[in-house]
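Student: If you scroll down you'll find the structure; I have some questions about it.
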Amino acid sequence: MVTLADARRVIAAAEKKAAEIGQPMNIAVADEGGNLVAHVRMDGAWLGSVDISIKKAYTSRAFDIATRDLAEHCQSGGQFFGIHASNDGRIMIFAGGIPLRKGGKIVGAIGVSGGSGEQDHSVAEAGAAAL
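Quick note on our numbering: the sequence shown kicks off at 244 and runs consecutively.
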């Protein structure tokens with residue numbers, strides 16, 4: 244289970260990393276069912292990335308995979324090509340979504356959006372490490 248206190252700790256760690264790299268981000272934390280627990284839009288973060296960060300968290304939890312890794316299989320000719328059109332458009336195949344684990348079990352996910360894919364993933368990793 245991801246509690247609100249857990250989500251706040253994850254978000255705080257992700258915010259710290261985003262500030263270190265100088266890139267404001269949208270950071271979302273979802274629970275085991277893929278439902279939003281908490282979201283932060285840092286000052287100056289893109290409005291369009293609010294939805295993307297939430298969907299990255301959902302995608303990562305729905306498939307229990309980092310969105311960066313899922314994206315590799317979604318290219319033309321890949322085994323999951325077209326998956327982004329499933330789940331009523333809730334699937335995001337950009338880097339920045341990572342499953343959250345407690346005691347080796349996936350209990351939720353973090354989704355980050357607002358920078359490059361590499362930046363989003365590194366901020367998500369920092370947040371996930373705080374759980």
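Don't be surprised by glycine CBs; every beta carbon is placed ideally from N, CA and C.
Because the structure is a prediction, the values reported are computed rather than measured.
1) Given TRP289, which residues of its chain have a CB within under 6 Å of its CB, disregarding the five upstream and five downstream residues?
2) In this structure, does DSSP put SER356 in helix, strand or coil?
3) What is the DSSP secondary structure of ARG284, reduced to helix, strand or coil?
4) Quick one: give me the first and last residue of the alpha helix (DSSP H) that ARG252 is part of.
5) Could you check whether GLY339 and GLY351 sit closer than 8 Å to each other, using their CB atoms as the reference points?
6) Check ILE239 in the structure and name its three-state DSSP category.
7) Go ahead and pull the three-state DSSP assignment for LEU391.
8) Measure the beta-carbon distance from ASN269 to VAL293 and round it to whole angstroms, keeping in mind my assumption that it falls under 8 Å.
9) Apply the 10 Å Cβ neighbour rule to LYS259 and answer buried if 16 or more other Cβ atoms are within range, or exposed otherwise.
10) PRO267 and MET285 - do their beta-carbons sit closer together than 8 Å?
Tutor: If we stick to the structure as given:
1) Mapped onto the sequence shown, residue 289 falls at position 46. Within the same chain, and ignoring the five residues on either side of TRP289 in sequence, the residues whose Cβ sits closer than 6 Å to its Cβ are GLY357.
2) For the purposes of this step, residue 356 is taken as residue 113 along the sequence shown, with counting starting at 1. Reduced to three states, the DSSP call for SER356 is strand.
3) Stepping through the sequence shown from its first residue, residue 284 is reached at position 41. Look at ARG284 here: in three-state DSSP terms it is strand.
4) Numbered from 1 along the sequence shown, position 9 holds the residue referred to as residue 252. Run containing ARG252: 247-264, per the alpha helix (DSSP H) assignment.
5) Reading the sequence shown from its first residue, position 108 is the one you call residue 351. Reading the sequence shown from its first residue, position 96 is the one you call residue 339. At least 8 Å separates the beta-carbon of GLY351 from that of GLY339.
6) Because the chain is modelled from 244 through 374, residue 239 falls outside the range shown and cannot be assessed.
7) Nothing can be reported for residue 391, as the shown portion of the chain is limited to 244 through 374.
8) Position 26 of the sequence shown holds residue 269. Position 50 of the sequence shown holds residue 293. Taking the Cβ atoms as the reference, ASN269 lies roughly 5 Å from VAL293, within the contact range of under 8 Å.
9) Mapped onto the sequence shown, residue 259 falls at position 16. Looking at its Cβ environment, which holds fewer than 16 other Cβ atoms inside 10 Å, LYS259 is exposed.
10) Translated into the one-based positions of the sequence shown, residue 285 becomes position 42. Translated into the one-based positions of the sequence shown, residue 267 becomes position 24. Yes; because the gap between Cβ atoms is below 8 Å, this pair is in contact.
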